[in-house]
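Colleague: Residue 1 is where the sequence shown starts when you use the UniProt record's numbering, and the numbers rise one by one after that. The structure is given below, and queries will be raised subsequently.
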Amino acid sequence: MRRPGDRSVVQPHLRLTHADRDAVAEVLREAYSQGQLDEDEFEERLDTAMRAKVGAELEPLTADLGVAPLGPTAGPAAAAAATTGPGPKEPLESTSTERVLAGVGHAGNYFFPVVAPLVLFLVGDRTSPYLRRQALESLNFQLFCIIGGIASVLLAWLVLPVAILICILVGWMVLPAVATVASLLGRNWRYPMPFRVIKDD
């Protein structure tokens, strides 16, 4: 009898089911929560897994994570067997309490810039991947606004920095409100900014 995670069950030519993709997504979420993947790697691999059509497209996504490859005959049970422990909650899932706290982290920037998301980031660092991720996004956005604002003021004698400063001010007034609503709805919100000071590793 074949075990779900056994390499021999990988059949690269077969079309995938939703359960097949979900099994690999589970492994990727666990790897992200354990620090094997950074945020960008996790999102890229998860997107590839969700778009995969045949088993051959899934194997490279978990080959370097120390787990057996999951093929078209593997399901969610195989993903659980392939991981090394329960780990924290999945990064993309959240409870109502976590969603409210994440919303506070975004909305709190209107009253306590940087401080509000920093506190929630430290609180959620080990307990809630979703809260940690949202707090980190909020913190990075505030740092981006501060750095971008200072740079724009220093270069105010040029036309372009003035336009950038206006965009930053508008973004600072509007985007935290949008992020708050998105968090309350359980969305995995990402601020539209060109760089992030603190990497999620």
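The C-beta atom is built at its ideal place from N, Cα and C for all residues, glycine as well.
Starting from Met50, follow the alpha helix (DSSP H) in both directions and report where the run begins and ends.
Modeller: Glu39 to Arg51
Colleague: Checking 8 Å against the spacing of the C-beta atoms, do Gly108 and Ala102 come in under that value?
Modeller: In this structure, Gly108 lies away from Ala102, with their beta-carbon atoms at least 8 Å apart.
Colleague: Label Asp64 either buried or exposed according to how many other C-beta atoms from any shown protein chain fall within 10 Å of its C-beta, with 16 as the threshold for buried.
Modeller: exposed
Colleague: Please return the same chain residues whose Cβ sits closer than 6 Å to the Cβ of Gln36, not counting the five positions on each side in sequence.
Modeller: Excluding positions up to five away in sequence, the list reads Leu65.
Colleague: Please check the pair Val197 and Leu136, which I expect to be a contact at CB under 8 Å, by giving their CB distance rounded to whole angstroms.
Modeller: In fact, because the Cβ distance is near 10 Å, the residues do not count as touching under 8 Å.
Colleague: Give a yes or no on contact between the segment 120 to 129 and the segment 168 to 184, applying the rule of three or more CB pairs nearer than 8 Å.
Modeller: no
Colleague: If you draw a straight line from the C-alpha of Glu57 to the C-alpha of Arg45, how long is it?
Modeller: 11 Å
Colleague: What did DSSP end up calling Lys89 once you bin it into helix, strand or coil?
Modeller: Reliability of the predicted coordinates at Lys89 is poor, the pLDDT of 37 falling under 50, and the value obtained from them is presented with this limitation in mind. The answer is coil: DSSP assigns Lys89 none of H, G, I, E or B.
Colleague: Which residue from Leu122, Gly105 and Val162 puts its Cα closest to that of Leu175?
Modeller: That would be Gly105, whose Cα lies nearest to the Cα of Leu175.
Colleague: Just checking my contact of Met193 with Phe141 at CB under 8 Å: how many whole Å lie between their CB atoms?
Modeller: 6 Å
Colleague: Tell me whether the beta-carbon of Arg29 lies closer than 8 Å to the beta-carbon of Ala49.
Modeller: No, Cβ-Cβ distance for Arg29 and Ala49 is not below 8 Å.
Colleague: Quick one: grab the DSSP three-state call for Arg99.
Modeller: helix
Colleague: Compute the Euclidean distance between the alpha carbons of Ser183 and Gln134, then round it to the nearest angstrom.
Modeller: Near 8 Å, if we compare the C-alpha coordinates of Gln134 and Ser183.
Colleague: Would you list, in sequence order, the uninterrupted alpha helix (DSSP H) runs of no fewer than 4 residues that lie entirely inside the segment 117 to 169?
Modeller: 129 to 154
Colleague: Let's see if you can read the secondary structure: which residues bound the alpha helix (DSSP H) around Thr62?
Modeller: Glu59 to Thr62
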